[in-house]
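Take a look at the structure set out below.
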Amino acid sequence: MAAQQRQTPFLKERDRRAPIWSYPGGDAIVPPVMRFHPTLPLALALALLSCASVGPFVWVDEYGPPEEGDAQGYKIATGDLINVRVYSQDGMSSRERVRQDGKISLPLLRDVQAAGLTPNMLAQQIQTGLKSYVNQPVVTVALEEASRLTVLVLGEVARPGQYALDHGSGVLDALAAAGGFNDLAHRDRIFVLRRRPGLLRIRCTYDALSRGTGRAVSLKLQPGDSVVVE
94 MAAQQRQTPF LKERDRRAPI WSYPGGDAIV PPVMRFHPTL PLALALALLS CASVGPFVWV
154 DEYGPPEEGD AQGYKIATGD LINVRVYSQD GMSSRERVRQ DGKISLPLLR DVQAAGLTPN
214 MLAQQIQTGL KSYVNQPVVT VALEEASRLT VLVLGEVARP GQYALDHGSG VLDALAAAGG
274 FNDLAHRDRI FVLRRRPGLL RIRCTYDALS RGTGRAVSLK LQPGDSVVVE
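Under our numbering, residue 323 is the last one in the sequence shown; the count climbs by one each step, no gaps.
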């Protein structure tokens, strides 16, 4: 008796919703689990996107002291107008606005780094530099006019953009300036992007900000910071 040859089934479409496999001995309906659904790839992609990682970050409660930098006092920022006085040396005294590169120009010393220093630290630095030209120089530095803090607010907010805030402003101030959240915002995905020295993402939640719990409400924005809502 010759070996029976195995028949290969072929697909026959009775209608577009219920394809069948046709065999020599009859037809069989394809089970629903085997059928291709045109929306499956899209649904799978959306599911994977919703589970996507928010990337590396540090929670605000794990980042630094609650009042960062307050112990040292105000730090000079770009755009600030400062008054440098050298005792009994009017020719070396001047009023200077801090340039975008963070420096000021002074007689004899030329370019001096000012941004990021407190007035007292800058006075000490200038005083040290003048010792080559003046016997026992006495230098004082005073802040005459503070520039406004410029912060970029991006992501799922009503009005993304760059906003001028008062020094000492926090995340809530930046969110309020940008009109609050839009309908797509995740209120537990608020990030402060800070470059100290590399890029650092500090995460906080709106619940912690609004309730004043933890360190979120104490985090003060600094020059160069950005706020991103995902």
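Here a beta-carbon is modelled for each residue, glycine too, at the ideal position from N, C-alpha and C.
Asked	Found
Buried or exposed: which applies to GLY248, given that a residue is buried once 16 or more other Cβ atoms fall within 10 Å of its Cβ?	buried
For VAL321, I'd like the list of residues in its chain whose CB is within less than 7 Å of its CB, leaving aside the five on either flank, ordered along the chain.	LEU247, GLY248, PHE284, LEU286
With DSSP as the reference, identify every bridge partner of GLU238, one or two as the case may be.	LEU174
With DSSP as the reference, label ASP194 as helix, strand or coil.	coil
Please tell me whether GLY195 and THR221 are closer than 7 Å, where the distance is taken between their beta carbons.	no
Cβ of ASP154 within 7 Å of Cβ of ARG308?	yes
When DSSP labels each residue in this structure, what does VAL231 get in the three-state scheme?	coil
Among SER262, THR233, VAL231, which has the Cα closest to the Cα of VAL244?	SER262
Could you give the distance in angstroms between the alpha-carbon of GLN193 and the alpha-carbon of LEU215?	17 Å
Beta-carbon separation of ALA267 and ASP173 under 7 Å?	no
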